[in-house]
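Visitor: This structure is in C-alpha cells; I'll ask about it shortly.
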Amino acid sequence: MRFRIPILLSLFLSAVAVFAQESTPYSITPNSGPVAGGTQVTIKGDFGFWPYAILFGTAGVPATRVDDHTLVATTPAHPAGTVPVTIFEYDIGLATDLTFTFTGPSGTRFERVLLPIFTPPVQGAFGSEFHTEVEVWNPQSTGVVTLFGAETDSSVDIDPSVALIPDGKTTLSRAPQHFNGNPGHFLYVAEGDFDLIGATLRVHDVTREATSFGTEIPIVREREFSPSQTIAFPHVPIDPRFRNTLRIYSTEATTVTVKVGAQTFGVTLQPGRDMYEPAYAAFTNFPNDGIGATTVTVEPTFIPVDPPLPGTNVPVWAFISVTNNDTQQITTITPQR
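Using this note's numbering, the first residue of the sequence shown is number 34, and each one after it goes up by one.
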C-alpha cells in the first residue's frame, strides 16, 4: 500500500526524517485558536532558504518564509487539545518545545466515532490470543479523509492520525505503549467524512484461525449514544458454558443503572485519560448457575438519585460479549433501535 501525497506534505509522514540535534529558541504567536483551523500563526527563529512546513500534532500545513527569522502558516482543522508543533526544513525536523492549543468544542467540526474494542494482542483463557484489527478504505475518486486518533502498532505520536487518499486502504491496530487497559478508543473525523469511507472492526483468536475468522464488532458513531433511552438486551444467555461481559461506554465519567433480571446494580464508568479514550466500565456480575436467558437493561440515569438531577445524564452506549469457554468463539449482542 502506498499513499500518494504532495511532495511537501510527504515529509510530515516520513518514518526516516532526520531531526536536528541542536535546539534553537523558537516562538509561536498566537499559540491557540479554534478547532476549525484558519488561525494565521507567526513563528520566530532562524530560517534559511529551504521550503518549510509546520506540523500541528500530526496535521501538516505548508509555511511561508517571510525573512530570515519569520515563518507564517495557517492552522489546519484539528480536534480540541494541545499538540506539539514541529518545524520541517525540507526533510529535517527542527527541535522545538512549541505547542498549539485548539480550542472550542470538537463537535462543531468533527464527529467522534467509537471503536469499542481496540487493543494490542491480549492473552485469553485456554491459550487463546486475541488480536484486534480495523480496516479502513476511502473508495472516493477525490478527496483525502483524515482520521485523528488512528493508530498502527508502531505509532509513537501522542497525536496519531492517518490520511486516507482516494482509493487508499490501511489497517489500524493499537500501539502497546499507548494501551492502559481501557479497550475503547475514539476517532475524530471531519463532519460528514465518515460517510465517505468504509470501515470494519474485527477481533480474532490467532490460535484458532483455522476454525474461525473472528467476530465483527460494531463501529459506533457518537449520535448512536443516548442520554435518555434505556439500552435493552432482551435475551442474554445464562449458561455455565459461556461467560458474559457487559461493556458500557460514555463521553464522560458517569454512573448508570444496570438491571440483570430482577437485580439492580449501580455501575460507575471511569473517565478516559485523554480525548481519544471514552469513559468505560465492564460488568460481569451475571448469574453463574442454571441454564436459560435473562433480560439486561442499562439506564443512563443512576436510579438511586430520585428524582434524577436535571442535566446529569450523559450519552451512553453498551454491548454484551458472550464467549464460549470451550471454543473461545465470541458472539456480540448489540442494542437495536
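The beta-carbon is built from N, C-alpha and C at its ideal position, and this holds for glycine as well.
Straight-line CA distance for F212 to T152?
Guide: As a working note, residue 212 is residue 179 in the sequence shown. As a working note, residue 152 is residue 119 in the sequence shown. Each residue's alpha carbon lies about 7 Å from the other.
Visitor: Of all the options I324, T284, F316 and F319, which has the alpha carbon lying nearest to the alpha carbon of G305?
Guide: Position 272 of the sequence shown, counted from the first residue, corresponds to residue 305. When only C-alpha atoms are compared, the closest one is T284.
Visitor: Check the DSSP bridge columns for L197 and list the partner residues they point to.
Guide: The residue you call residue 197 lines up with position 164 of the sequence shown. Looking at the DSSP assignment, L197 forms a beta bridge with V178.
Visitor: Going by DSSP, which residues form a beta bridge with P67?
Guide: To locate residue 67, count along the sequence shown from 1; it is residue 34. DSSP, once it has assigned bridges, lists T136 as partnering P67.
Visitor: In chain order, what residues of the same chain have a beta carbon less than 6 Å from the beta carbon of R254, not counting five sequence neighbours either side?
Guide: Locating residue 254 in the sequence shown gives position 221, counting from the first residue. For R254, where only same-chain residues beyond five positions count, the Cβ hits under 6 Å are V146.
Visitor: Classify G160 as helix, strand or coil using the three-state DSSP reduction.
Guide: Residue 160 sits at position 127 when you count from the first residue of the sequence shown. G160 falls in the helix class under three-state DSSP.
Visitor: Report the CB separation of S139 from V94 in whole angstroms; it is logged as a contact under 8 Å.
Guide: Taking the first residue of the sequence shown as position 1, residue 139 is located at position 106. Taking the first residue of the sequence shown as position 1, residue 94 is located at position 61. About 19 Å; that fails the 8 Å criterion.
Visitor: Quick one, are the C-beta atoms of H268 and T204 less than 9 Å apart?
Guide: Here the question's residue 268 lines up with position 235 in the sequence shown. Here the question's residue 204 lines up with position 171 in the sequence shown. Not a contact, by the Cβ cut-off of 9 Å.
Visitor: Do the stretch 262-280 and the stretch 159-175 touch if we need at least three Cβ pairs shorter than 8 Å?
Guide: The answer is no - the stretch 159-175 does not touch the stretch 262-280, with fewer than three Cβ pairs under 8 Å.
Visitor: With respect to the beta strand (DSSP E) encompassing W350, which residues constitute its N-terminal and C-terminal limits?
Guide: As a working mapping, residue 350 is identified with position 317 in the sequence shown. Its beta strand (DSSP E) spans residues V349 to N357.
Visitor: For a test of the three-state rule: what should DSSP assign to F121, helix, strand or coil?
Guide: Working through the sequence shown from its first residue, we reach residue 121 at position 88. F121 falls in the strand class under three-state DSSP.
Visitor: Where do the ends of the beta strand (DSSP E) carrying G325 lie?
Guide: Here residue 325 corresponds to residue number 292 of the sequence shown, with the count starting at 1. First-last of the beta strand (DSSP E) with G325: G325 to E332.
Visitor: Which partner residues does E249 have in the DSSP bridge list?
Guide: Here residue 249 is taken as the residue at index 216 of the sequence shown, counted from 1. Answer is R235.
Visitor: Leaving out the 5 sequence neighbours to the left and right, which residues in its chain are closer than 6 Å to A232 when beta-carbon positions are compared?
Guide: Residue 232 sits at position 199 when you count from the first residue of the sequence shown. Cβ neighbours of A232 beyond the five flanking positions: V169 and I252.
Visitor: So, for D200: in the same chain, excluding its five sequence neighbours on each side, which residues have a beta-carbon less than 6 Å away from its beta-carbon?
Guide: Start at 1 with the first residue of the sequence shown, and residue 200 comes out as number 167. The answer is none, since no qualifying residue turns up.
Visitor: Tell me where the beta strand (DSSP E) around H268 begins and ends.
Guide: Locating residue 268 in the sequence shown gives position 235, counting from the first residue. H268 -> beta strand (DSSP E) spans I264 to I271.
Visitor: Between Q296, G137 and S194, which has its C-alpha nearest T429's C-alpha?
Guide: No answer is possible for residue 429: it lies beyond the span of the chain, which begins at 34 and ends at 370.
Visitor: With DSSP as the reference, identify every bridge partner of D130, one or two as the case may be.
Guide: Taking the first residue of the sequence shown as 1, we reach residue 130 at position 97. Beta-bridge pairing links D130 to no other residue.
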